[in-house]
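Participant:
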Amino acid sequence: GDAASAGERALGGAATAATTGTGATSFLVTAFDRSSGRQLWAYEVQSEGQLPPVHEKHNLATPSPVTDGQRVYALFGTGQVVALDFDGKLAWKRNLSEYGSLGINWGHGSSPIVYKDNVILLVYDGSPSSYLLALDSSSGMNRWKHNRDGGVTSYSTPFVMESGGEPELIVNSSEGISGHSLKTGEELWYIREMNRFPIPVATENDGLILTSRGYRSGPFMAIRPGGKGDVSKSHVVWKVETGAPYISSIVEHQDLIYMIGDVGVAAVFDAKTGSRVWQERVGGVYSASPVVADGKIYFFGESGETIVLSAGRSPSVLARNKLDARLLASPAVSGGRFFIRSDDTLYAIGK
41 GDAASAGERA
51 LGGAATAATT
61 GTGATSFLVT
71 AFDRSSGRQL
81 WAYEVQSEGQ
91 LPPVHEKHNL
101 ATPSPVTDGQ
111 RVYALFGTGQ
121 VVALDFDGKL
131 AWKRNLSEYG
141 SLGINWGHGS
151 SPIVYKDNVI
161 LLVYDGSPSS
171 YLLALDSSSG
181 MNRWKHNRDG
191 GVTSYSTPFV
201 MESGGEPELI
211 VNSSEGISGH
221 SLKTGEELWY
231 IREMNRFPIP
241 VATENDGLIL
251 TSRGYRSGPF
261 MAIRPGGKGD
271 VSKSHVVWKV
281 ETGAPYISSI
291 VEHQDLIYMI
301 GDVGVAAVFD
311 AKTGSRVWQE
321 RVGGVYSASP
331 VVADGKIYFF
341 GESGETIVLS
351 AGRSPSVLAR
361 NKLDARLLAS
371 PAVSGGRFFI
381 RSDDTLYAIG
391 K
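The opening residue of the sequence shown carries number 41 in the working numbering; numbering runs sequentially from there.
1) Beta strand (DSSP E) containing HIS220: first to last residue?
2) On the DSSP bridge assignment, give the partners of ALA82 in chain order.
3) Taking the Cβ atom as the reference point for each residue, do HIS95 and GLY147 lie within a distance shorter than 9 Å?
4) Please list, in chain order, all residues of the same chain as GLY149 whose beta carbon is under 6 Å from its beta carbon, the five residues on each side excluded.
5) Let me know the secondary structure DSSP gives TYR155 once reduced to three states.
6) Check each candidate in ILE297, LEU80, SER141 and GLY205 and name the one with the smallest Cα separation from GLY166.
7) With PRO285 and ASP310 assumed to form a contact (beta carbons below 8 Å), what rounded beta-carbon distance in angstroms separates them?
8) Pick helix, strand or coil for LEU115, following the three-state DSSP scheme.
9) Taking its Cβ as the centre, do 16 or more other Cβ atoms sit within 10 Å of THR243, making it buried, or is it exposed?
10) Helix, strand or coil for TYR402 per DSSP?
11) Per the DSSP calculation, LEU248 is bridged to which residue(s)?
12) If GLY190 sits next to PRO168, beta carbons under 8 Å apart, how far is it from one beta carbon to the other, in whole angstroms?
13) Sort ARG74, GLU138, TRP132 and GLN79 by Cα distance to GLY89 and report the nearest one.
14) Excluding the 5 residues flanking TYR255 on each side, which residues of the same chain have their C-beta closer than 6 Å to its C-beta?
15) Apart from the five residues on each side of it in sequence, which residues of its chain come closer than 8 Å, Cβ to Cβ, to LEU130?
16) Since I believe VAL154 is in contact with VAL398 (beta carbons under 8 Å), could you give me their beta-carbon distance rounded to a whole number of angstroms?
17) Indicate the three-state DSSP secondary structure (helix, strand or coil) for ARG256 in the structure shown.
18) Assuming contact is defined by CB atoms lying nearer than 9 Å, are PHE378 and TYR338 in contact in what I supplied?
19) Taking the Cβ atom as the reference point for each residue, do LEU175 and VAL163 lie within a distance shorter than 9 Å?
20) Name the residue from ARG111, HIS98, PRO92 and THR193 whose alpha carbon lies nearest to the alpha carbon of THR118.
21) Around the Cβ of ARG70, are there at least 16 other Cβ atoms within 10 angstroms (buried) or fewer (exposed)?
22) Give a yes or no on whether the C-beta atoms belonging to SER177 and ASN158 are separated by under 9 Å.
23) Under three-state DSSP, which class holds HIS186?
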């Protein structure tokens, strides 16, 4: 997910290594001044219940906080949700453990999203309690909850597709790709296609949903929204069966799709047809998703090196910029700056 920023503040979630006297882990939502990096406030949440195990590249604060300009919403891997105002004061909190523990293998990865006055959470953890949940952004009360059959999992963050008629919530899960009603959460259409570890997030271009599935050089495709039931034969405009990254999402810019994966191969495809434009090994391992800014494409490597490409139909590496840091999280972009989070440092990069 992408970290959220609001006004003059950069916001982030963290799980501290220290424990309190009761043995509970502390979760933090912290605000920093975007100009100086000075910490403005930190809201501390004591963990509740059993701490789920996590992957080495993952922790219980992996979900990115999100804002609607009124409040900041943060979800932690225990199922605890907090809504804070811009002074760091608690507006409301929830604990999703009331619907069962978040028991997905490697730990919860999906970030909350905001659509109008709803905070939407995807909790597909493989248990009988897998569900989509919409909360009232001002109170935290349920707007709707849509349950799924047991066994479905997802580490992906849902995506709202607004063009093409009624808005749809696009979900990448172990069962496939599906579109859901934003009024009820019910499934409107689906493409059944099993995937053990679905991580990437969808995007859109010119009225089409663009999405990759993730996991071991998985497929990627363009889907027309507005379908009903099984749309695998009716609404898939094009599909490439293999080649997309395991973890990082694809990004689109001026009718081209850019991607880079864990083997350091950058590739560009035509967003209208799915045909490959170019492919080149640039090196590195990538968990963070690519970003488009200032007419350039940025690949943020785990080693701390950022590769800057010129946008277009021929490969051109403009720069390789190195930070002494491990970069796993996708950066936030705001006001001509990147906000980049390493394991232990927050960087602001700009002119």
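C-beta atoms are modelled at their ideal positions from N, C-alpha and C, and glycine is treated no differently.
Facilitator: So, from the data block:
1) In this chain, the beta strand (DSSP E) harbouring HIS220 covers 216-221.
2) Residue pairing by DSSP places ALA82 opposite THR70 in a beta bridge.
3) Yes, these two residues count as a Cβ contact at 9 Å.
4) Listed in chain order, the non-local C-beta contacts of GLY149 below 6 Å within the same chain comprise THR102 and TYR195, local neighbours out to five positions each way being set aside.
5) Correct three-state label for TYR155: strand.
6) Closest by alpha carbon: SER141.
7) Contact flag wrong, Cβ pair sits at about 18 Å.
8) In the three-state reduction of the DSSP assignment, LEU115 falls in the strand class.
9) It counts as buried.
10) Since the first and last residues shown for the chain are 41 and 391, residue 402 lies out of range.
11) As computed with DSSP, LEU248 is found in a beta bridge with ASN245.
12) About 4 Å separates the two Cβ atoms, so the contact holds.
13) Nearest C-alpha to GLY89: GLU138.
14) Cβ within range, chain order: ASN235, ARG236, PHE237 and TYR286.
15) Counting only Cβ-Cβ distances below 8 Å, and skipping sequence neighbours, we find TYR83, VAL122, ALA123 and LEU124.
16) Nothing can be reported for residue 398, as the shown portion of the chain is limited to 41 through 391.
17) Correct three-state label for ARG256: coil.
18) By the CB criterion at 9 Å, PHE378 and TYR338 fall inside the cutoff.
19) Not in contact: LEU175 and VAL163 (Cβ atoms no closer than 9 Å).
20) Nearest option by C-alpha distance: PRO92.
21) Before going on, a small fix: residue 70 reads as Thr here, not Arg. Flag for THR70 reads buried.
22) ASN158 is positioned such that its CB atom lies closer than 9 Å to that of SER177.
23) The answer is strand: DSSP assigns HIS186 an E or B state.
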